[in-house]
Amino acid sequence: MQYVKMYNVFMVQLQTMLPSTTNIPDAYASGTTDEQAFIQNLALFFTSFFKSHSKVMEASQENISVLLMGLEYLVNISYVDDTEVFKVCLDYWNSFVLEIFEAHHNLDSPAAVANMMGLQVPLLSSMPNGMGSQLLQRRKLYASTMSKLRMLMICRMAKPEEVLIVEDENGNIVRETMKDNDVLVQYKIMRETLIYLTHLDHDDTENQMLSKLNKQLDGKDWSWNDLNTLCWAIGSISGSMMEEQENRFLVMVIRDLLNLCEITKGKDNKAVIASNIMYVVGQYPRFLRAHWKFLKTVVNKLFEFMHETHPGVQDMACDTFLKIVQKCKRKFVIVQVGESEPFVSELLTGLPTTIGDLEPHQIHMFYEAVGQMISGEPDPQKRNEYLRRLMELPNLKWNEIIGQARQSVDVLKDQDVIRVILNILQTNTSAATSLGTCFFPQISLIFLDMLNVYRMYSELISNGIDGGGPFASKTSFVKLLRSVKRETVKLFETFLDKAEVQPHIGKQIIPPMMDPVLGDYARNVPDARESEVLSLFATIINKYKTAIIEDVPRVFVAVFQCTLEMITKNFEDYPEHRLKFFSLLRAIATHCFPALIRLSSQQLKLVMDSIIWAFRHTERNIAETGLVLLLEILKNFQASEFCNQFYRTYFVSVEQEIFAVLTDTFHKPGFKLHVLVLQNLFCLVQSGGITKPLWDAATTPCQYPSNEMFVREYTIKLLCSSFPNMTQAEVTHFVNGLFKSTSDLPSFKNHIRDFLVQSKEFSAQDNKDLYAEETVVQREKEHQRMLSIPGLVDPSEIQDEMLDL
Numbered sequence: 001m002q003y004v005k006m007y008n009v010f011m012v013q014l015q016t017m018l019p020s021t022t023n024i025p026d027a028y029a030s031g032t033t034d035e036q037a038f039i040q041n042l043a044l045f046f047t048s049f050f051k052s053h054s055k056v057m058e059a060s061q062e063n064i065s066v067l068l069m070g071l072e073y074l075v076n077i078s079y080v081d082d083t084e085v086f087k088v089c090l091d092y093w094n095s096f097v098l099e100i101f102e103a104h105h106n107l108d109s110p111a112a113v114a115n116m117m118g119l120q121v122p123l124l125s126s127m128p129n130g131m132g133s134q135l136l137q138r139r140k141l142y143a144s145t146m147s148k149l150r151m152l153m154i155c156r157m158a159k160p161e162e163v164l165i166v167e168d169e170n171g172n173i174v175r176e177t178m179k180d181n182d183v184l185v186q187y188k189i190m191r192e193t194l195i196y197l198t199h200l201d202h203d204d205t206e207n208q209m210l211s212k213l214n215k216q217l218d219g220k221d222w223s224w225n226d227l228n229t230l231c232w233a234i235g236s237i238s239g240s241m242m243e244e245q246e247n248r249f250l251v252m253v254i255r256d257l258l259n260l261c262e263i264t265k266g267k268d269n270k271a272v273i274a275s276n277i278m279y280v281v282g283q284y285p286r287f288l289r290a291h292w293k294f295l296k297t298v299v300n301k302l303f304e305f306m307h308e309t310h311p312g313v314q315d316m317a318c319d320t321f322l323k324i325v326q327k328c329k330r331k332f333v334i335v336q337v338g339e340s341e342p343f344v345s346e347l348l349t350g351l352p353t354t355i356g357d358l359e360p361h362q363i364h365m366f367y368e369a370v371g372q373m374i375s376g377e378p379d380p381q382k383r384n385e386y387l388r389r390l391m392e393l394p395n396l397k398w399n400e401i402i403g404q405a406r407q408s409v410d411v412l413k414d415q416d417v418i419r420v421i422l423n424i425l426q427t428n429t430s431a432a433t434s435l436g437t438c439f440f441p442q443i444s445l446i447f448l449d450m451l452n453v454y455r456m457y458s459e460l461i462s463n464g465i466d467g468g469g470p471f472a473s474k475t476s477f478v479k480l481l482r483s484v485k486r487e488t489v490k491l492f493e494t495f496l497d498k499a500e501v502q503p504h505i506g507k508q509i510i511p512p513m514m515d516p517v518l519g520d521y522a523r524n525v526p527d528a529r530e531s532e533v534l535s536l537f538a539t540i541i542n543k544y545k546t547a548i549i550e551d552v553p554r555v556f557v558a559v560f561q562c563t564l565e566m567i568t569k570n571f572e573d574y575p576e577h578r579l580k581f582f583s584l585l586r587a588i589a590t591h592c593f594p595a596l597i598r599l600s601s602q603q604l605k606l607v608m609d610s611i612i613w614a615f616r617h618t619e620r621n622i623a624e625t626g627l628v629l630l631l632e633i634l635k636n637f638q639a640s641e642f643c644n645q646f647y648r649t650y651f652v653s654v655e656q657e658i659f660a661v662l663t664d665t666f667h668k669p670g671f672k673l674h675v676l677v678l679q680n681l682f683c684l685v686q687s688g689g690i691t692k693p694l695w696d697a698a699t700t701p702c703q704y705p706s707n708e709m710f711v712r713e714y715t716i717k718l719l720c721s722s723f724p725n726m727t728q729a730e731v732t733h734f735v736n737g738l739f740k741s742t743s744d745l746p747s748f749k750n751h752i753r754d755f756l757v758q759s760k761e762f763s764a765q766d767n768k769d770l771y772a773e774e775t776v777v778q779r780e781k782e783h784q785r786m787l788s789i790p791g792l793v794d795p796s797e798i799q800d801e802m803l804d805l
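The sequence shown: position 95 = 95 (full-length UniProt numbering), numbered continuously.
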């Protein structure tokens, strides 16, 4: 009751100082520093007080009016043009709305409702029927506040990631080049809040949005900012209404926006409206799939925007086109009612005109989108015909260049020609990304010519670097040649990764490129080796698995020794090669383990040394890849006939190295994998999986009754020397605990975590990385919760089972 009194006194004082009719945003804008600080503190006071004590205020009728007045003040403060003030308010509004929404969402779960209401569960037994009406009363109580909140969210909606066209500080419309993470976080919170508000009253949300859009149309409220925030808000609630209501609402929105685009003069104005149309339609794939005429109108409008050279408009048109096609591809390959041919055929006829004004990177996105469309065609004959028509332009250019090169190979050395070749390859890669197996007829057409160009450019690069030394690799000519080589490898990799595993594809593509690609890597000087070759062969092995096992020794000989020499001199040089090399090793260990067994003991030692080198690395990705690879190799050797031989050689050194990184604070992100490796080692000795002694009888004076006893003693000595601040009793207790919990991973992990946190090195640090696994589980739970609430998961992230219907 003291809080209630204090709040009432406070509100009386506040109304004399700052009457409730005050326009707080204007007052803030023109206020002194002290006055602005007062508003900031007022926001902090209200949000803190309401979070803790609004339930007490709700309890009696006379306090409700002052409570609602306080919320009214807070809504007004939320319009203040200051990021920090808005963050404070938004944080509260999000929790306020979530609480009211969840109580309704969980009405069928009394325990959850009780929790939301701040009540104890036992109380429910005495009031099972009153709960629903109490909740409805709360909802009614705050109806007016929530309606004002809907308008607040609509007026102040932050910019979503997909919007590329913005107003700069000089009032010009420009293409956004940098993503602002703060804005994206704010958008996420506002979107979530508005979705809850929409679920609590769909009609109010719809009415407020449509009336605001009408004011844009009749010119009363026309401004870039008002239209932007309104359309971002409309896009943000996709999926949160019933389908019928959403369809009706969207028809009105898109129709009004298209009208607005027609009647508004001025390039900048049209660019803003265009970006908003594209954003809104991209957010509602369900609607577009159900309304062919709208879908066709929208796509044709996007094609119009592709000729609009205003900054960002073409990019956004291509982005939106790809986004829509991914969700609606089947609609474009069937003959729709009233049409004489599928849309894809019509599009391919007009393709040269449509892409006439686009930049190369936009054309690549366009080709990826049309590739998606073609992949939706079930008839192979039609699909091949569409593919032929899609690739007609790049193929004509390609054939022209190859024809000239047959007359004089010097044509291929012209920098403009090299750029055209690069562009053609990128176009092919974009189409292969979408088409996968269906791209085979096209890659077959240009495959051998590509290999010949690759060979020739490799020689030119090597000769250039041999003649001009290390600096030659930095010249624009050599860089351009290398871009073509990289793109060629990327095209092979993209196609093989996306295509289904079919023997005839593997036979036609993989053997012919062994020497031009793999042999070239081995022969080249380090600065001219493309790291993409490593990821190409990792993809081939991951895809074709044991079918490729006979080729693994050749891959090994070509890349292993020479790459290791490049990457083990220090931790900095050739960063791309590092990660891709270990990914390749991992693919071999996972799918072609017999090839590793065939290595000589010297080669295997090189592999193990390189893995240890990898997980010692402070670059998180490399360390993680090294640890995953180590686990793979440990498990495979454990199940093989060479188990004793391998573990006698490597058990002690692996344990020692893992404890070294585990107890080093720079390697905290690898904690989960360190634990798995140790558990694997300890389980193995405990189960008697290693039947030969792990200790060297010649150098170890005492004999141990078992490998387990040897490892216990060895581990205690190792840790005592690593942690001189810990007593032998503490270390012994820790090691005994490890052996007790080997079969229970959570206990084993907690035991290690407790030991680390106790040690001086970790005790004063932020140890959140030691709990990363638990955080991932928490995130997955949150994702499942979001999936249960329509609209909360962005439509682009939802897999559509209905896509092919």
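Glycine is no exception: its CB is placed at the ideal position from the N, C-alpha and C atoms.
Residue i (DSSP reduced to helix, strand or coil)
| i | result |
| --- | --- |
| Lys679 | The identity of residue 679 in the sequence shown is Gln, whereas the question assumes Lys. In this structure, Gln679 counts as helix in the three-state DSSP scheme. |
| Lys507 | helix |
| Phe723 | coil |
| Asn181 | helix |
| Lys220 | coil |
| His361 | helix |
| His53 | helix |
| Thr21 | coil |
| Ser706 | coil |
| Gly688 | coil |
| Phe10 | helix |
| Phe303 | helix |
| Pro394 | helix |
| Met786 | helix |
Residue i versus residue j - alpha carbon distance
| i | j | result |
| --- | --- | --- |
| Asn707 | Glu780 | 40 Å |
| Leu787 | Val793 | 6 Å |
| Ile363 | His674 | 46 Å |
| Cys643 | Asp414 | 57 Å |
| Ser473 | Pro526 | 11 Å |
| Lys293 | Pro352 | 24 Å |
| Leu412 | Thr427 | 19 Å |
| residue 808 | Ser30 | In the structure as shown, the chain begins at 1 and stops at 805. Residue 808 is therefore absent and cannot be evaluated. |
| Glu657 | Arg286 | 53 Å |
| Gln61 | Leu67 | 10 Å |
| residue 826 | Gln645 | The chain is shown from 1 up to 805; residue 826 falls before or after that span and cannot be answered. |
Short Cβ contact (7 Å threshold) for residue i with residue j
| i | j | result |
| --- | --- | --- |
| Met450 | Thr494 | no |
| Tyr386 | Val344 | yes |
| Arg616 | Pro669 | no |
| Ile24 | Ile77 | yes |
| Leu584 | Leu627 | no |
| Leu295 | Thr320 | no |
| Thr47 | Tyr92 | yes |
| Arg193 | Met252 | Sequence check: residue 193 is Thr here, not Arg. No. Outside cutoff. |
| Arg578 | Ile567 | yes |
| Lys485 | Glu530 | yes |
| Cys438 | Phe366 | no |
| Ile374 | Arg383 | yes |
| Val75 | Lys148 | yes |
| Gln326 | Gln372 | yes |
| Thr742 | Cys683 | yes |
| His307 | Ala271 | no |
| Pro160 | Trp232 | yes |
At which residue ranges does the segment 604-642 contain complete beta strand (DSSP E) runs of 3 or more residues, listed in the order of the chain?
none
Please list the segments of the alpha helix (DSSP H) lying wholly inside the segment 482-526, counting only runs of 4 or more residues, in order along the chain.
503-513, 520-523
Which whole runs of the alpha helix (DSSP H) in the segment 252-296 are 4 residues long or more, in chain order?
267-282, 285-290
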